[in-house]
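Note sheet for the following structure.
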Amino acid sequence: MNRTFCICGDPISDQPRKSDMFTAFETPTFADAPAFRLPYGRTTKARADFYGGAKLAKAEHPDRTLWVAHLEAIRDKRDEKAFADIFQHFAPRVKGFLMKSGASAELAEECTQDVMATLWRKAHLFDPTRASVSTWIFTIARNRKIDLLRKQRRPEPEDLTWGPEAAPDQTDVLTLQQDTKRLGEALAALPEKQRSLIERAYFGDLTHSEIAGETGLPLGTIKSRIRLALDRLRHTMK
Amino acid sequence: MKMDMNVIKHHLTDALLMGYSAGTLPEAFNLVVATHISLCDECRAQMHTFDALGGEVMEMSEIAALSPDSLMVTLALIRQDSADAVPICKPAPSNGIFPAPLRDYAGGDLDAVKWRKIGGGVSQAILKTDKGASARLLRIPAGTAVPGHGHRGTELTLVLQGAFYDEADRFGKGDIEVANEDMVHTPIAEEGMDCICLAATDAPLRFSALIPRIAQPFLRI
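Just so you know, the protein sequences line up as chains X and P, in that order. Per the working numbering, the first sequence starts with residue 1, numbered consecutively. Per the working numbering, the second sequence starts with residue 1001, numbered consecutively.
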């Protein structure tokens, strides 16, 4: 079954290669790997500047779907180059998240390597109709955080994806990736104080009784998309 | 877990789902949340949504410099794996009353529970969880009332079999009641079948809530 993902072509390869973030980061095995750096910044403007206005409209949401394609390459071809690209983008963020959550630099480093290795091992469990790659990596990092920092078990809901699995509906995949990207942009656009409260909830600076759940973000769209994907899944399982 | 998804009327609050996603709930609450989500696609979708928000928070947060050999070490880890990879088997969904996460804690399905009478015909079984909140299974005989009580903290009650009703509403299979200290109620199990519930409360170890004043205008606390 060909699950290769190429809805948006390859809009990034003609960008100047930059890897300033990882100049200290030698990866001799992948010296010939395309060393692109995606414009995930703090602001939507940074992303728009990177792509250029017209280009952004033409190559809609290349970043999210590219990560999905990378994860599928890991799953189907055990592609180490795709893994290295995902690692270079996400590992520093996972480590930052764990340190913000109270881990020492040393523990966060070890834990980050473990999280990224888990991504490799569990690539076959990734469902792009229910999560973008950033979402999925967050859940792996969160679970490691509970293990290591809180020394707790985390009860997980019963899994739906058992038995023969249907190929994901590509429209479901694309729309969820787009919605998640928009959520990121809406989060970036929130007033600082409001965003900081949400961040504190996820870094574990608020107790459960201090979390209000009201975010002022457009979460309803994503929820209805996932709801549809779940309905489809239940339908195919019948 | 086979059940009619349409009958669930009472859902988890966004605050609980966000806390579950952030990983900040006490273990007993996580258990109730995971058990409810196993029965409720509506809340499952909302959980994925709050996970997406967590992903975006992580995406935007400050990056930390990795150690220089970080990627090489991780690659060594995964290459070592590939040599002795084991196929992963997923557990089949349960056919009993308890969804998988609850079965883990109860040591099996309903027939494995060791009940203790607590008076008025009501029985309970404490489930072992971390401190911060406690979880128990409750069995209320059909038609029996649980004595009226208030709550010092937050109490979550999830119906697994039968139904109860109280001053607020009727709660059937899969429904969850989230009660706080404002609520005083007298739950009564419906006629016909014993009512089995999973309940969790953080009352014994409730800390004073220090909600920042600044949060109130937009969090609608």
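Virtual Cβ for every residue (Gly too), placed ideally from N, Cα, C.
query: Round the Cβ separation of methionine 1047/P and serine 1021/P to the nearest angstrom and send it over; I've been treating them as touching at under 8 Å.; result: 6 Å
query: What residue range does the beta strand (DSSP E) around glycine 1174/P cover?; result: No beta strand (DSSP E) holds glycine 1174/P; DSSP gives it neither H nor E.
query: Could you work out which residues of chain P lie near phenylalanine 126/X, taking near to mean beta carbons separated by less than 7 Å?; result: None at all; the shortest Cβ gap to chain P is about 13 Å.
query: Rounding to the nearest angstrom, what Cα-Cα distance links alanine 105/X and phenylalanine 87/X in this structure?; result: 17 Å
query: Determine the DSSP secondary structure at phenylalanine 1164/P, reduced to helix, strand or coil.; result: strand
query: What does a CB cutoff of less than 6 Å around glutamate 1155/P pick up in its chain, not counting 5 residues either side in sequence?; result: Ala1179 and Thr1201
query: At least one CB of chain X closer than 7 Å to the CB of isoleucine 1126/P: is that the case?; result: no
query: Measure the C-alpha to C-alpha separation of valine 115/X and alanine 108/X and round it to an integer number of angstroms.; result: 10 Å
query: Is DSSP giving histidine 61/X helix, strand or coil here?; result: Below a pLDDT of 50, predicted positions are generally treated as unreliable, and histidine 61/X, at 44, falls in that range; the measurement from the model is reported next regardless. In this structure, histidine 61/X counts as coil in the three-state DSSP scheme.
query: Going straight from the alpha carbon of glycine 102/X to that of serine 134/X, what length do you get?; result: 21 Å
query: Expressed to the nearest angstrom, what Euclidean distance is found between the alpha-carbon atoms of arginine 227/X and serine 196/X?; result: 28 Å
query: Report the CB separation of alanine 1189/P from isoleucine 1118/P in whole angstroms; it is logged as a contact under 8 Å.; result: Rounded, the Cβ-Cβ distance is 14 Å, inconsistent with contact.
query: By Cβ distance, which residues of its chain are closer than 6 Å to glutamate 1167/P, with the 5 residues on each side in sequence left out?; result: His1185
query: Between proline 157/X and leucine 1031/P, is the Cβ-Cβ spacing less than 7 Å?; result: no
query: By alpha-carbon positions, which one of Tyr1165/P, Ser1061/P, Cys1043/P and Ala1125/P ends up nearest to glycine 1108/P?; result: Ala1125/P
query: Please name the residue, chosen from Val1033/P, Thr1049/P, Ala1076/P and Val1073/P, that lies closest to leucine 219/X on a Cα-to-Cα basis.; result: Thr1049/P
query: In chain P, which residues lie with their C-beta within 9 Å of the C-beta of lysine 223/X?; result: Glu1042, Ala1045, Gln1046, His1048 and Thr1049
query: If threonine 118/X and isoleucine 146/X are in contact, beta carbons under 8 Å, what's the gap, nearest whole angstrom?; result: With a Cβ gap of about 14 Å, threonine 118/X and isoleucine 146/X do not count as contacting.
query: Contact between the region 1098-1105 of chain P and the region 1024-1039 of chain P is defined here as three or more beta-carbon pairs at a separation below 8 Å; is this criterion met?; result: yes
query: Could you tell me the alpha carbon to alpha carbon distance between glutamine 170/X and isoleucine 1008/P, rounded to whole angstroms?; result: 30 Å
query: Mapping the DSSP letters down to three states, classify cysteine 1197/P as helix, strand or coil.; result: strand
query: If contact means a Cβ-Cβ distance below 7 Å, which residues of the region 168-187 of chain X contact chain P?; result: Thr180, Leu183, Gly184 and Leu187
query: Can you pull out the residues from the region 1145-1179 of chain P whose beta carbon lies closer than 9 Å to at least one beta carbon of chain X?; result: Gly1153 and Thr1154
query: Output yes or no for whether 7 Å exceeds the beta carbon distance between glycine 1172/P and alanine 1163/P.; result: yes
query: Let's test the definition: count the other Cβ atoms within 10 Å of the Cβ of tryptophan 162/X and tell me whether it reaches 16, buried, or not, exposed.; result: Note that tryptophan 162/X has pLDDT 49, beneath the 50 cutoff, so the model's placement of it is unreliable and no number is given.
query: Looking at the unbroken alpha helix (DSSP H) that takes in alanine 1045/P, where does it start and where does it end?; result: 1041-1060
query: Cα separation between threonine 1157/P and histidine 1036/P?; result: 10 Å
query: Is leucine 1198/P near leucine 1110/P, with beta carbons less than 7 Å apart?; result: no
query: Using a beta-carbon distance below 7 Å, is glutamate 1056/P in contact with chain X?; result: yes
query: Aspartate 1130/P versus chain X: which residues are under 7 Å apart at the beta carbon?; result: Gln152
query: Select from Gly1019/P, Lys1128/P and Pro1187/P the residue whose C-alpha is nearest the C-alpha of glycine 1148/P.; result: Pro1187/P
query: Against chain X, does glutamate 1181/P count as a neighbour if the rule is that its beta carbon must be under 7 Å from one of theirs?; result: no
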